[in-house]
Amino acid sequence: MITRKFPQFEDKEIQISLFTNVQNTPEIRSHMASGDPNYNYAFVNAATIVSLEHLLAATYRAINDHSTGKPRTRNLHSEIVFCLSPNNNIMDSLKRFGTSDESETFYAVKVVDEDEEDKDKYLRFLHQTIKGDELDVSEEIIKAYTIDAVVKKNYKINPSDVSTIISTISLRGY
Numbered sequence: 017m018i019t020r021k022f023p024q025f026e027d028k029e030i031q032i033s034l035f036t037n038v039q040n041t042p043e044i045r046s047h048m049a050s051g052d053p054n055y056n057y058a059f060v061n062a063a064t065i066v067s068l069e070h071l072l073a074a075t076y077r078a079i080n081d082h083s084t085g086k087p088r089t090r091n092l093h094s095e096i097v098f099c100l101s102p103n104n105n106i107m108d109s110l111k112r113f114g115t116s117d118e119s120e121t122f123y124a125v126k127v128v129d130e131d132e133e134d135k136d137k138y139l140r141f142l143h144q145t146i147k148g149d150e151l152d153v154s155e156e157i158i159k160a161y162t163i164d165a166v167v168k169k170n171y172k173i174n175p176s177d178v179s180t181i182i183s184t185i186s187l188r189g190y
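Here this note's numbering = 1-based position in the sequence shown + 16.
Set out below in structure tokens:
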């Protein structure tokens, strides 16, 4: 797991974990769909992410939209998945960038309030819940799980053009 903070949102800590060989994705998705508060994470299909900057840009946009009262989804973590999308269709973005029952490799992103006493409980929950292997999050590993054809299909551009993808996330809706 890695953690990050944005200077504009010092009261938030972003926790990003990467899991592979996950065997119980349908169970996880079922809990998410039922609104189980324990599963309040952004579960993002690893094939769709080209860099850490890409994932952080969507996270920043989601936190910003929530802090200014402009969210388009029901919670901050689904907003992260939505913000990855180049279009404004919520269901399409969840389908393209979220997990499916067949997903074996995905990111779990959690935005935690800085004043929370036990921030490690979220990682413990993931380790107890996800039947798979956690990997380090690094640019090399991110690129190893990116599927160029999926990125091309989602963004209609070359996956190596990260700046265009980031701009798409930042400017969509403006």
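For glycine and all other residues, C-beta sits at the position ideal for the given N, C-alpha and C.
Values in this document were obtained by computation on a predicted structure and should not be read as measured data.
- When only Cα atoms are considered, Ser186 and His82 end up about 14 Å apart.
- Ile30 and Lys147 have their C-alpha atoms spaced approximately 22 Å apart.
- If you draw a straight line from the Cα of Asn174 to the Cα of Thr162, it comes to about 12 Å.
- Secondary structure within the region 72 to 156: the alpha helix (DSSP H) runs of 4 or more consecutive residues, fully enclosed, are 92 to 99, 106 to 113, 137 to 145 (chain order).
- Put simply, of Glu155, Leu139, Arg188, Lys169 the residue whose alpha carbon is nearest the alpha carbon of Ser33 is Leu139.
- Here Phe35 is not near Thr115, since their CB atoms are 8 Å or more apart.
- Leu110 is positioned such that its CB atom lies no closer than 8 Å to that of Ala74.
- Across the set Leu142, Ile182, Val178, the C-alpha of Leu142 shows the shortest separation from the C-alpha of Met17.
- Burial of His70 is indicated by the presence of at least 16 other C-beta atoms within 10 angstroms of its C-beta.
- For Val167, the uninterrupted alpha helix (DSSP H) segment begins and ends at 164 to 171.
- In the three-state scheme derived from DSSP, where H, G and I count as helix and E and B as strand, Val60 is classed as strand.
- For Ile30, the enclosing beta strand (DSSP E) stretches over residues 25 to 36.
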